[in-house]
Amino acid sequence: MPAMLSACLVLYHCGDEIDHALRCIQASDLEVAVYLVDNSPEDTTADRLKWAFPGVTVIPQKKNVGFGRANNAVLPLLQSNYHLMMNPDVTFDPSLLRRMVSYMENHPNIAILTPRVLNTDGTEQYLPKKRISVHYLLGGYLENLGGIFRRWRREFTMADREITIPIPVEFATGCFLLIRTDVFRQLEGFDPHFFLYQEDTDLSRRVLEEKLGSIVYHPDMCVTHRWARENTRTFRGRMRQVRSVIRYFMKWGISL
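Residue numbers (my numbering): 18 to 273.
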């Protein structure tokens, strides 16, 4: 019988952190069909994981095809009702997956369920929850200057709101995203024109624009994300981020 839940993790020089993520899935009280899309063919991590975690399906790529394209590689193989996309540096409680699937089973109007994301020290990672705009981006880039930039960032992430119940939002983070498989298939996955960054923003918007269901943030569903953000610390990484933002606004129009 096909598993109710499938999961995809993209490998790109992720080291041993992927082991912790896979153990969390393995410890879950729900059967999960796990796919590893290998974006670093020169690395031996995928070969090691095939032996360490029997049952995972490795999908090798000839080169780094980007986050969105890598996740799309599993689409022809999916037979699940729900599909999880998560980063290799995310961990969670063994009961989480069943709780999230049960919640979506009981709320058929939800297309995507997005959790509360914590740092390794237990503090919250205040991630975006609203639709992207120029002033929200400026708030993120210039938050350390304080003033209106910090206020914009906190508005974008709803950091000033005490959220104690599930609420509809406009953004679901790609670091841990549970989507109905039929919705993911209907969208034909991520827009492959986004190599890295904003592919989750675009996916979230397409779900809402095409009225495929709601995106719900659930504060009682928690994951821990190491979130080193190495990619944004280099000039190349920053330029890649800027190009993705420009591509997003060219596709959807500029929102100030």
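Ideal placement from N, C-alpha and C gives every residue a C-beta, glycine not left out.
Integer-rounded CB distance, given that residue j should sit under 8 angstroms from residue i
i      : j      : result
MET238 : PRO132 : 4 angstroms
ILE35  : ASP55  : Their Cβ separation, rounded to whole angstroms, is 11 angstroms, which puts ILE35 and ASP55 out of contact at 8 angstroms.
ILE147 : GLU187 : A small fix is needed here, since residue 147 is Lys in this sequence, not Ile. Sure, about 5 angstroms apart at Cβ, within 8 angstroms.
Span separating the alpha-carbon of residue i from that of residue j
i      : j      : result
ALA63  : ILE165 : 45 angstroms
TYR99  : PHE201 : 9 angstroms
PHE109 : LEU66  : 19 angstroms
CYS31  : ASN104 : 10 angstroms
ASP138 : VAL240 : 12 angstroms
VAL107 : CYS192 : 8 angstroms
GLU160 : GLY85  : 28 angstroms
ALA38  : ARG167 : 32 angstroms
LEU47  : MET102 : 16 angstroms
CYS41  : TRP269 : 37 angstroms
ASP60  : ILE180 : 42 angstroms
LEU113 : PHE212 : 29 angstroms
PRO145 : VAL91  : 26 angstroms
ILE199 : VAL134 : Strictly speaking, residue 199 in this sequence is Asp, with Ile absent from that position. Going by the C-alpha atoms only, they are around 25 angstroms apart.
TRP68  : THR74  : 11 angstroms
GLU226 : SER119 : 26 angstroms
ALA24  : LEU94  : 11 angstroms
Nearest residue (CA-CA) to residue i, options the options
i      : options                       : result
ILE182 : LEU155, VAL233, CYS25         : VAL233
TRP244 : ASN88, THR190, TRP169         : THR190
GLY230 : ILE196, HIS242, ASP208        : ILE196
LEU155 : LEU273, ALA24, LEU144         : LEU273
SER45  : LEU53, LEU22, GLU59           : LEU22
LEU28  : CYS41, TYR52, GLU48           : TYR52
LEU204 : ALA38, ILE129, GLU48          : ILE129
HIS152 : THR140, ARG171, VAL134        : ARG171
GLY83  : GLY72, ARG115, PRO209, PRO185 : PRO209
THR140 : HIS242, TYR158, MET117, LEU94 : HIS242
TYR158 : GLN258, ARG116, ARG264        : GLN258
ARG115 : ALA176, VAL49, ASN81          : VAL49
### Task
Assess, as a yes-or-no matter, whether the segment 113 to 128 is touched by the segment 211 to 220 under the definition of 3 or more beta carbon pairs within less than 8 angstroms.
no
### Message
Quick check on the DSSP output: what are the complete beta strand (DSSP E) runs of length 3 or more inside the segment 65 to 105, in order along the chain?
### Response
74 to 77, 99 to 103
### Task
Let me know the beta strand (DSSP E) ranges lying completely inside the segment 128 to 206, each 3 residues or longer, listed in chain order.
184 to 186, 193 to 197
### Task
Would you mind listing the alpha helix (DSSP H) stretches within the segment 23 to 59 that are 4+ residues and don't spill past its ends, in chain order?
34 to 43
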